[in-house]
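Engineer: Following this message is one structure expressed as structure tokens.
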Amino acid sequence: MKITLARAMKAKKRLVQQIADCAKLIKAQNSIVVGNDRDIDIRETLEKRKKLVAKLVATKLAIEQASQPIRDVILYLAELKDEISMFKDLDCSRGKKADRSLYGDSTDLEYEAEITGSERLQKIEGLEAEIDELQTKIDVHNAQQTVEIPD
Numbered sequence: 387m388k389i390t391l392a393r394a395m396k397a398k399k400r401l402v403q404q405i406a407d408c409a410k411l412i413k414a415q416n417s418i419v420v421g422n423d424r425d426i427d428i429r430e431t432l433e434k435r436k437k438l439v440a441k442l443v444a445t446k447l448a449i450e451q452a453s454q455p456i457r458d459v460i461l462y463l464a465e466l467k468d469e470i471s472m473f474k475d476l477d478c479s480r481g482k483k484a485d486r487s488l489y490g491d492s493t494d495l496e497y498e499a500e501i502t503g504s505e506r507l508q509k510i511e512g513l514e515a516e517i518d519e520l521q522t523k524i525d526v527h528n529a530q531q532t533v534e535i536p537d
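Under the working numbering, the first residue of the sequence shown is numbered 387, with each subsequent residue one higher.
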């Protein structure tokens, strides 16, 4: 079946969920009290899961191959997201603050920050704008690129 890369990624998510659902059923129904009936055929569900896994592998491979032309954009986008995370966690404390020791003593310490809070916000906003541009490139590629995945 030939579909867009964007639809293939949605199909991949559905397959992952279907595999998880099969595993959940198998785990819940494998061992039951003697005399009770199983709601499912365990071996049939195992076979269904096996077929879904094969389909997932083929779908992931098709997605990976179709994503090659923009792989650098995808990797750079991930690094920008990590950089945003770093800036969000960056301590920009400045000025005097009371510092309590383990023994209850309190002393005033004066802090300085190389990067100020407002500069941190500007950097985050700039990175988010760059991420939006890259994501648009990825979205356009995913909407235009088609892949062949198993039915």
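Don't be surprised by glycine CBs; every beta carbon is placed ideally from N, CA and C.
Determine contact between the region 388-401 and the region 522-537, defined as no fewer than three beta-carbon pairs at a distance below 8 Å.
Structural biologist: Yes, since at least three Cβ pairs between the region 388-401 and the region 522-537 fall closer than 8 Å, the two stretches touch.
Engineer: Whose C-alpha, out of M395, D423, V420, T431, is nearest the C-alpha of I405?
Structural biologist: For the set M395, D423, V420, T431, the Cα lying nearest the Cα of I405 is the one of T431.
Engineer: Would you tell me roughly how many angstroms separate the C-alpha atoms of A515 and V526, rounded to the nearest one?
Structural biologist: 17 Å
Engineer: So, are the CB atoms of K413 and L442 less than 8 Å apart?
Structural biologist: No, these two residues do not count as a Cβ contact at 8 Å.
Engineer: Is DSSP giving G350 helix, strand or coil here?
Structural biologist: Outside the shown range of the chain, which is 387 to 537, sits residue 350, and nothing can be said about it.
Engineer: Roughly how many angstroms lie between the CA atoms of M395 and E433, to the nearest whole one?
Structural biologist: 24 Å
Engineer: Let me check understanding here. Comparing Cα to Cα, which of D477, L447, L463 lies closest to I517?
Structural biologist: L463
Engineer: Under the three-state reduction of DSSP, which class applies to S492: helix, strand or coil?
Structural biologist: S492: strand per DSSP, three-state reduction.
Engineer: Along the beta strand (DSSP E) that carries I426, what are the first and last residues, could you check?
Structural biologist: First-last for I426: undefined, no H or E at that position.
Engineer: May I have the straight-line CA-CA distance separating R393 from T445, to the nearest angstrom?
Structural biologist: 11 Å
Engineer: On a CA-only basis, which of A452, I460, I426 is nearest I524? Give me that one, please.
Structural biologist: When A452, I460, I426 are compared, the shortest CA-CA separation from I524 is found for I460.
Engineer: Could you check if L438 is buried or exposed, using at least 16 other CB atoms within 10 Å of its CB as the buried criterion?
Structural biologist: buried
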